[in-house]
Ligand SMILES: C[S@@+](CC[C@H](N)C(=O)[O-])C[C@H]1O[C@@H](n2cnc3c(N)ncnc32)[C@H](O)[C@@H]1O
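Numbering (my numbering), first residue to last: 2 to 292.
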């Protein structure tokens, strides 16, 4: 299905040492799920190894077992580890060509529904969500849309809900916006003050941000569009399959699914329930199951 791209296999992981490390990681992940109900056991292993090694260095612990000891006794250690296990990199209008394809091929179809619900799964710090609200606004659809934006990282969700980003990032966001077919000036959508850009409350008003895990939670709404970009790359194929199943169940018939540029539904057990609208841009539409 989807190969994790950020994690080339480590050069020194062969043999017994890697087996012992994996055993300790298994025990740590089991401890985390039992104590805190966060499920990481079906995440791509190479990525987890790298992140856990990074955490050991940052905390100054000698082994995964020592990390586990502290995770179980100190919630703050777990919170810090959670931030390290979830990669929250994002940008407004990331992959501008994808947003251009949304404008041209998906929004005209979404416009045929009288009201719209959209689920942004793995929304991180919110850049993707504000990009979508701007796109919907420019298509005249925002006022009849509600967006559910979900993630497992509480700190990222707080940033997303605030909708405030350092002004230094706005040059890149503006370039992306223009390449994505933006029809106005991005500055029309935010107020700059004290080195930050605060996005309009009018955009935020259409969004509910909440905690939801693709690893453990169920479908919570029927929606016309699911966007889950750059999240499945961190999952193994079993968890990718679970997530795609949730998206399929959540979508109305003929609703749309968008994934990240290295992710796809082909190869999943639900693949026959989708057709590719734009294979290049990873945009799919739910269709009746082919025989
Ligand atoms: C790289 S960011 C993607 C942000 C945004 N979608 C984008 O493409 O710019 C990946 C996000 O997935 C979230 N995530 C990781 N595991 C998750 C899970 N089980 N359920 C929901 N979100 C998860 C992380 O917390 C992180 O915020």
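Even for Gly, the Cβ is constructed at its ideal location relative to N, Cα and C.
Comparing C-alpha positions only, which one of the options sits nearest to residue i?
i: residue 118; options: 284, 290, 221; result: 221
i: residue 223; options: 64, 116, 267; result: 116
i: residue 196; options: 46, 148, 166, 106; result: 166
i: residue 154; options: 174, 176, 199, 90; result: 90
i: residue 103; options: 290, 246, 278, 288; result: 278
i: residue 39; options: 31, 46, 45; result: 31
i: residue 171; options: 156, 190, 236; result: 190
i: residue 163; options: 248, 60, 140, 198; result: 198
i: residue 105; options: 136, 23, 86; result: 136
i: residue 45; options: 233, 121, 144; result: 233
i: residue 160; options: 200, 138, 187; result: 200
i: residue 235; options: 35, 23, 41, 21; result: 41
i: residue 20; options: 34, 259, 65, 59; result: 65
i: residue 231; options: 286, 55, 121, 257; result: 121
Counting along the chain, where does the beta strand (DSSP E) carrying residue i start and finish?
i: residue 149; result: 146–152
i: residue 260; result: 252–260
i: residue 165; result: 165–167
i: residue 191; result: 191–194
i: residue 286; result: 284–287
How would you call residue i, buried or exposed, if buried means at least 16 neighbouring beta carbons within 10 angstroms?
i: residue 99; result: buried
i: residue 280; result: exposed
i: residue 28; result: exposed
i: residue 11; result: Because the pLDDT of residue 11 is 42, which lies under 50, any placement of that residue in the model is unreliable, and the question is left without a value.
i: residue 69; result: buried
i: residue 48; result: buried
i: residue 168; result: exposed
i: residue 264; result: buried
i: residue 288; result: exposed
i: residue 282; result: buried
i: residue 9; result: Because residue 9 carries a pLDDT of 38, less than 50, the predicted location of this residue cannot be relied on, and no value is offered for it.
i: residue 204; result: buried
i: residue 253; result: exposed
i: residue 241; result: buried
i: residue 192; result: exposed
i: residue 261; result: buried
i: residue 87; result: buried
i: residue 146; result: buried
i: residue 4; result: Low per-residue confidence applies at residue 4: pLDDT is 45, beneath 50, and the placement is therefore not dependable enough to give any value.
i: residue 138; result: buried
i: residue 186; result: exposed
i: residue 15; result: Because the pLDDT at residue 15 is just 47, under 50, the model does not fix this residue reliably, and the point stays unresolved.
Quick one: give me the first and last residue of the alpha helix (DSSP H) that residue i is part of.
i: residue 133; result: 128–139
i: residue 80; result: 76–86
i: residue 173; result: 171–180
i: residue 273; result: No alpha helix (DSSP H) contains residue 273, which DSSP labels as neither H nor E.
i: residue 64; result: Careful: residue 64 lies outside any alpha helix (DSSP H) and carries neither H nor E.
i: residue 108; result: 108–111
i: residue 100; result: 97–102
i: residue 117; result: Segment 117–122 is the beta strand (DSSP E) holding residue 117; no alpha helix (DSSP H) there.
i: residue 204; result: 202–205
**Request:** Give a yes or no on contact between the segment 84–104 and the segment 125–142, applying the rule of three or more CB pairs nearer than 8 Å.
**Result:** By the C-beta criterion, the segment 84–104 is judged to be in contact with the segment 125–142, since at least 3 inter-stretch pairs fall below 8 Å.
**Request:** Spell out a yes or no on whether the segment 264–278 and the segment 64–77 are touching, meaning 3 or more CB-CB pairs, one atom from each, closer than 8 Å.
**Result:** For the pair of segments examined, the segment 264–278 was found not to touch the segment 64–77: the number of CB pairs separated by less than 8 Å stays below three.
**Request:** Please determine if the segment 210–217 and the segment 142–153 are in contact, where contact requires at least 3 C-beta pairs separated by less than 8 Å.
**Result:** By the Cβ rule, the segment 210–217 counts as touching the segment 142–153, because three or more pairs are nearer than 8 Å.
**Prompt:** Do the segment 176–183 and the segment 203–213 make contact, defined as three or more Cβ pairs closer than 8 Å?
**Reply:** With the cut-off at 8 Å, the segment 176–183 and the segment 203–213 do not touch.
**Message:** Taking contact to mean 3 or more Cβ pairs, one atom from each stretch, closer than 8 Å, check whether the segment 221–241 and the segment 167–176 are in contact.
**Reply:** Contact fails: fewer than three Cβ-Cβ distances are below 8 Å.
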